[in-house]
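Inspection log for the structure reproduced underneath, given as structure tokens.
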């Protein structure tokens, strides 16, 4: 094999199937000129045999062939090796067949006479997608290790807080982690509502599955439905919108965390409620139902959740569903006993990230921070400790590390009351 053939094999292997010799030759030369290794077959049966005998990335097949036609070949390939990307070639008058092929698993289609630029574009896109899939598989194995780390981080043994309020929260977490009842986590901004949700998930029977997160505040209302429920394949005016699963579908046999649920678009609320009741989901524009055995955890602040319910912005059925299983997290100002442990944990975690080992917390640090109300709760405390650890050049974290750089004045608002 010469260097050019080696490079072609590295770029990808394509098999071209067409019963017409002239068309087959044109496609073979076109694919080869684009830098891919190419094989040819004059029937669906021979193409299937070649795929079973060898290893191909892409099948480029004509739709109208005697014997095994393009659709039959597509179905056989999808059963034998669904990793093969299939591109169908069809005439203008049979575009409905191409759409049918895509619904059955084809990656894309080309219209006869095939334009070189269109072929180049589609092959680049298909091979680009295949590269992403390979990269995703690599990331998935890395994510397995990450999930093990997450499981450790959110293990009950690592729950931080000895205050009565934190101990009560921990007991409520234990109550909900072994069942799939919907849970509402209430608390001020910064108290760690999503941490409680993660603790429930990573101590549940679904801990090995990804926690699927939807943050209503970061997605415009008009796109809430698209993100949660996905879209079915549509082709209108020659413009193709590919099928895309939504987050609800991805959360099958796992947990869906909806952050700030009081901001969820009214149109989406009954759809989500239906998913929880009926355990199935439907994409926008589709007829098919997908399994959605989903555990819902939602977060909100108590005033905003109650206000949304009273103003009828939030549907009563989903409100009633959630309020039966509620965990309320107290603000940090009401659980000052937790502050020393939170400081130590944050210093250890952040120190590990920046290559510093904090072995001791000076008493002045605890005394000063215990006198502050922390309107930003745990997140504000974490931010203050992070800045202090970065400034610290010793094994002991001191109050002077919390001062503004270049001064001896303590961080704003962190003085004793």
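Residue numbers (our numbering): 406 to 822. C-beta atoms are modelled at their ideal positions from N, C-alpha and C, and glycine is treated no differently.
Return yes when the Cβ of residue j is within less than 8 Å of the Cβ of residue i, no when it is not.
{"i": "residue 744", "j": "residue 775", "result": "yes"}
{"i": "residue 464", "j": "residue 422", "result": "yes"}
{"i": "residue 358", "j": "residue 700", "result": "What is shown of the chain runs 406 to 822, which leaves residue 358 out entirely."}
{"i": "residue 493", "j": "residue 506", "result": "yes"}
{"i": "residue 441", "j": "residue 528", "result": "yes"}
{"i": "residue 770", "j": "residue 717", "result": "no"}
{"i": "residue 570", "j": "residue 740", "result": "yes"}
{"i": "residue 473", "j": "residue 449", "result": "yes"}
{"i": "residue 457", "j": "residue 445", "result": "no"}
{"i": "residue 567", "j": "residue 715", "result": "no"}
{"i": "residue 420", "j": "residue 454", "result": "no"}
{"i": "residue 630", "j": "residue 672", "result": "yes"}
{"i": "residue 581", "j": "residue 730", "result": "yes"}
{"i": "residue 510", "j": "residue 491", "result": "yes"}
{"i": "residue 800", "j": "residue 762", "result": "yes"}
{"i": "residue 592", "j": "residue 795", "result": "no"}
{"i": "residue 602", "j": "residue 662", "result": "yes"}
{"i": "residue 670", "j": "residue 626", "result": "yes"}
As a quick exercise: from the options, pick the residue whose alpha carbon is nearest that of residue i.
{"i": "residue 653", "options": "690, 695 and 664", "result": "695"}
{"i": "residue 708", "options": "801, 590 and 481", "result": "590"}
{"i": "residue 513", "options": "673, 638 and 429", "result": "638"}
{"i": "residue 691", "options": "508, 452 and 803", "result": "508"}
{"i": "residue 535", "options": "573, 577, 496 and 489", "result": "489"}
{"i": "residue 756", "options": "768, 791, 727 and 778", "result": "791"}
{"i": "residue 584", "options": "521, 628, 658 and 522", "result": "658"}
{"i": "residue 664", "options": "598, 605, 625 and 684", "result": "598"}
{"i": "residue 604", "options": "725, 566, 578 and 634", "result": "578"}
{"i": "residue 737", "options": "777, 751, 526 and 772", "result": "777"}
{"i": "residue 443", "options": "418, 459, 427 and 500", "result": "418"}
{"i": "residue 698", "options": "710, 523, 427 and 682", "result": "682"}
{"i": "residue 679", "options": "634, 526 and 655", "result": "634"}
{"i": "residue 438", "options": "461, 656, 636 and 521", "result": "521"}
{"i": "residue 656", "options": "525, 648 and 686", "result": "686"}
{"i": "residue 471", "options": "447, 576 and 533", "result": "447"}
{"i": "residue 504", "options": "725, 475 and 600", "result": "475"}
Could you tell me how far apart the beta carbons of residue i and residue j are, in whole angstroms, since I believe they sit closer than 8 Å?
{"i": "residue 732", "j": "residue 519", "result": "Contact flag wrong, Cβ pair sits at about 59 Å."}
{"i": "residue 617", "j": "residue 677", "result": "Wrong, their Cβ atoms sit about 13 Å apart, outside the cutoff."}
{"i": "residue 668", "j": "residue 703", "result": "No, residue 668 and residue 703 are not in contact; Cβ-Cβ is about 11 Å, not under 8 Å."}
{"i": "residue 675", "j": "residue 720", "result": "6 Å"}
{"i": "residue 619", "j": "residue 606", "result": "Not confirmed; about 14 Å, so no contact."}
{"i": "residue 378", "j": "residue 758", "result": "The structure shown does not extend to residue 378, since the chain is modelled only from 406 through 822, so no value can be given for it."}
Residue i to residue j, Cα distance in whole Å?
{"i": "residue 610", "j": "residue 467", "result": "47 Å"}
{"i": "residue 766", "j": "residue 784", "result": "19 Å"}
{"i": "residue 806", "j": "residue 797", "result": "6 Å"}
{"i": "residue 823", "j": "residue 594", "result": "Nothing about residue 823 can be read from this structure; the chain reaches only from 406 to 822."}
{"i": "residue 486", "j": "residue 539", "result": "16 Å"}
{"i": "residue 451", "j": "residue 416", "result": "24 Å"}
{"i": "residue 425", "j": "residue 502", "result": "19 Å"}
{"i": "residue 712", "j": "residue 650", "result": "32 Å"}
{"i": "residue 483", "j": "residue 693", "result": "19 Å"}
{"i": "residue 788", "j": "residue 495", "result": "59 Å"}
{"i": "residue 749", "j": "residue 565", "result": "10 Å"}
{"i": "residue 773", "j": "residue 751", "result": "16 Å"}
{"i": "residue 459", "j": "residue 481", "result": "15 Å"}
{"i": "residue 684", "j": "residue 753", "result": "42 Å"}
{"i": "residue 825", "j": "residue 760", "result": "Any question about residue 825 goes unanswered here, given that the chain covers just 406 to 822."}
{"i": "residue 427", "j": "residue 628", "result": "48 Å"}
{"i": "residue 557", "j": "residue 705", "result": "Confidence is the limiting factor: at residue 557 the pLDDT is only 49, short of 50, which leaves the residue's position unreliable, though a coordinate-based value still follows. For residue 557 and residue 705, the distance between alpha carbons rounds to 26 Å."}
{"i": "residue 596", "j": "residue 574", "result": "12 Å"}
{"i": "residue 608", "j": "residue 710", "result": "26 Å"}
{"i": "residue 551", "j": "residue 600", "result": "Summary for residue 551: the model assigns pLDDT 48, below 50, so the residue's position carries little reliability; its value from the coordinates is reported in the next sentence. Their Cα atoms are separated by approximately 16 Å."}
{"i": "residue 576", "j": "residue 726", "result": "21 Å"}
The ligand SAM and residue i: does any heavy atom of the ligand fall closer than 7 Å to the residue's C-beta?
{"i": "residue 483", "result": "In the structure shown, the ligand SAM is absent, as is every other ligand, since no ligand is present at all."}
In the DSSP assignment, what are the bridge partners of residue i?
{"i": "residue 664", "result": "620"}
{"i": "residue 446", "result": "422"}
{"i": "residue 696", "result": "685"}
{"i": "residue 701", "result": "661"}
{"i": "residue 490", "result": "463"}
{"i": "residue 636", "result": "649 and 689"}
{"i": "residue 801", "result": "765"}
{"i": "residue 732", "result": "590"}
{"i": "residue 514", "result": "493"}
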